[in-house]
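Chain order of the listed sequences is A and B. Residues in the first sequence are numbered from 1 upward in steps of one, following my numbering. Residues in the second sequence are numbered from 1 upward in steps of one, following my numbering. A virtual CB, placed ideally from N, CA and C, is assigned to each residue, including glycine. The model shown is predicted, which means the values in this text are computed figures rather than measured ones. Beneath this line is the structure, given in structure tokens, with notes to follow.
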Amino acid sequence: DAGVIQSPRHEVTEMGQEVTLRCKPISGHNSLFWYRQTMMRGLELLIYFNNNVPIDDSGMPEDRFSAKMPNASFSTLKIQPSEPRDSAVYFCASSSWTEGLAFFGQGTRLTVV
Amino acid sequence: QKEVEQNSGPLSVPEGAIASLNCTYSDRVSQSFFWYRQYSGKSPELIMSIYSNGDKEDGRFTAQLNKASQYVSLLIRDSQPSDSATYLCALYTGRRALTFGSGTRLQVQP
Chain A
1 DAGVIQSPRH EVTEMGQEVT LRCKPISGHN SLFWYRQTMM RGLELLIYFN
51 NNVPIDDSGM PEDRFSAKMP NASFSTLKIQ PSEPRDSAVY FCASSSWTEG
101 LAFFGQGTRL TVV
Chain B
1 QKEVEQNSGP LSVPEGAIAS LNCTYSDRVS QSFFWYRQYS GKSPELIMSI
51 YSNGDKEDGR FTAQLNKASQ YVSLLIRDSQ PSDSATYLCA LYTGRRALTF
101 GSGTRLQVQP
């Protein structure tokens, strides 16, 4: 099992540019989560999908952020336009059952300059 | 009040000692509880899960849950320098995804 796969691992971009983060969940998992981690705010849930449908996006900070899950094996998180305060590590996680257990990808470290 | 509260630490213990990590939560309908370990620059990895009151042991790790008092703890026996990491408490209420505490940094001194 390859685990949750995220790309890119690192991204450095200039303020105002569009950034797209990608995630491939574990095969067979029906829930997918996007988290953001910073020193100040810890690990925050941005959005989660169940069976490819967004269930809770209340953690998405503002309209600059959007997420899609076109099929069971792929999801994207897009930031447009990016700002320096978006700099963080973004984690994707997936789960196969309803008791909450989640497995994390290696994360994407985003730096917006 | 935060949903999940943890002391940020660092908690420093000597090698071979017992490390005790604590977590309190506010939502009484929380169903499932997890401890994740996160090494610096790495992603969180699950080390323990607990669903009912009492103790659950797995090797050197023991998770303790007290729903009446709304706390969950993690004991690490015979602490090793390799246990030095941030430990994240997480809970699941059935309404949202996992909610995480801010983590406790553990330092095990050789």
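### Three CB pairs or more closer than 8 angstroms across the region 12 to 32 of chain B and the region 14 to 32 of chain A
no
### Message
For chain A, check one thing: does any of its Cβ atoms lie closer than 8 angstroms to the Cβ of B/G54?
### Response
no
#### Entry: Contact check, B/D27 vs B/E3, beta carbons under 8 angstroms
yes
### Query
What are the boundary residues of the beta strand (DSSP E) that B/R105 is part of?
104 to 109
### Task
For A/R9, count neighbouring Cβ atoms within 10 angstroms of its own Cβ and tell me buried if that reaches 16, exposed if not.
exposed
### Query
Nearest-angstrom Cα distance between B/A68 and B/F33?
14 angstroms
### Message
For A/R22 and A/S75, I'd like the C-alpha separation in whole angstroms.
### Response
6 angstroms
### Task
Pull out every residue of the region 41 to 66 of chain A whose Cβ sits closer than 7 angstroms to any Cβ of chain B, in chain order.
G42, L43, L45, Y48, D56
#### Entry: Selection of the region 51 to 77 of chain B by Cβ proximity to chain A, strictly under 7 angstroms
none
### Query
Can you list, in chain order, the residues of its chain whose CB lies under 7 angstroms from that of A/N7, leaving out five sequence neighbours each side?
Inspection of the sequence shows that residue 7 of chain A is occupied by Ser rather than by Asn. Closer than 7 angstroms at Cβ, skipping near neighbours: R22.
### Message
Just to confirm before moving on: does the CB-CB distance between B/K56 and B/I47 stay below 8 angstroms?
### Response
no
### Query
Is there a Cβ from chain A that is less than 8 angstroms from the Cβ of B/S49?
yes
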